[in-house]
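To start, the structure itself, in structure tokens.
Chains as they are written, first to last, in the numbering used here: chain E, -7 to 85; chain P, 13 to 102.
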């Protein structure tokens, strides 16, 4: 039962990351590309980390996975904000 | 090497992640601006994290989780460093 849930979580996470990559190639502008590559990738990584923690199911892996999830959800908006500011400054020159 | 998860699902996951990697690499090669290249580099780091997690489930070793921690730290720091350098370069 646990392995079935793990496989489902991994498939959903890989699907979201693939959708994000397709959006990165297909969208016409930097801001729409970042809209695709920020949120969908964070959600896919969240699902894959949860699947890994559920598969190994030990205390150390659970603590590490929660820390990595919190870190990713704190730092991804900061990184995308920094990229957008770079684009804005270049356009102004 | 015999994994408990069915190996077909893991190979499908590897194929999807490899396709995502190739698409992000295409965008990194022909991005019109340097900002697109930075965004593609960020996505490549995330795809690498997913790859390593899938591989750790395939070989059933939980020690590979430390690589994911290091990659998440380095990805954020490199993205902010390159963006700050480009902002102050003028």
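C-beta: ideal position from N, C-alpha, C; glycine also. Owing to the predicted nature of the structure, the values given are computational and were not obtained by experimental measurement.
- Query: Considering only the beta carbon of each residue, do residue 57 (chain E) and residue 41 (chain E) sit closer than 8 Å?
  - Reply: yes
- Message: The alpha helix (DSSP H) that contains residue 43 (chain P), what's its start and end?
- Response: It is not in any alpha helix (DSSP H) - residue 43 (chain P) carries neither H nor E in the DSSP assignment.
- Task: Find the nearest neighbour of residue 36 (chain P) within the set P:48, P:77, P:27, judged by alpha-carbon distance.
- Result: P:48
- Kindly list the residues whose CB is nearer than 8 Å to the CB of residue 64 (chain P), restricted to its own chain and excluding five residues on each side of it in sequence; keep chain order. 76, 79, 80, 83
- Query: Looking at the structure shown, is residue 13 (chain P) part of a helix, part of a strand, or coil, going by DSSP?
  - Reply: Its pLDDT being 47, under 50, residue 13 (chain P) is placed unreliably by the model, and the measurement read from it follows with that caveat. Note: residue 13 (chain P) maps to coil in three-state DSSP.
- Query: Thinking C-beta only, is residue 68 (chain E) closer than 8 Å to residue 12 (chain E)?
  - Reply: no
- Task: Give the residues from the stretch 78 to 95 of chain P that approach chain E closer than 7 Å (Cβ to any Cβ), ordered along the chain.
- Result: 80, 81, 84, 88, 91, 92, 95
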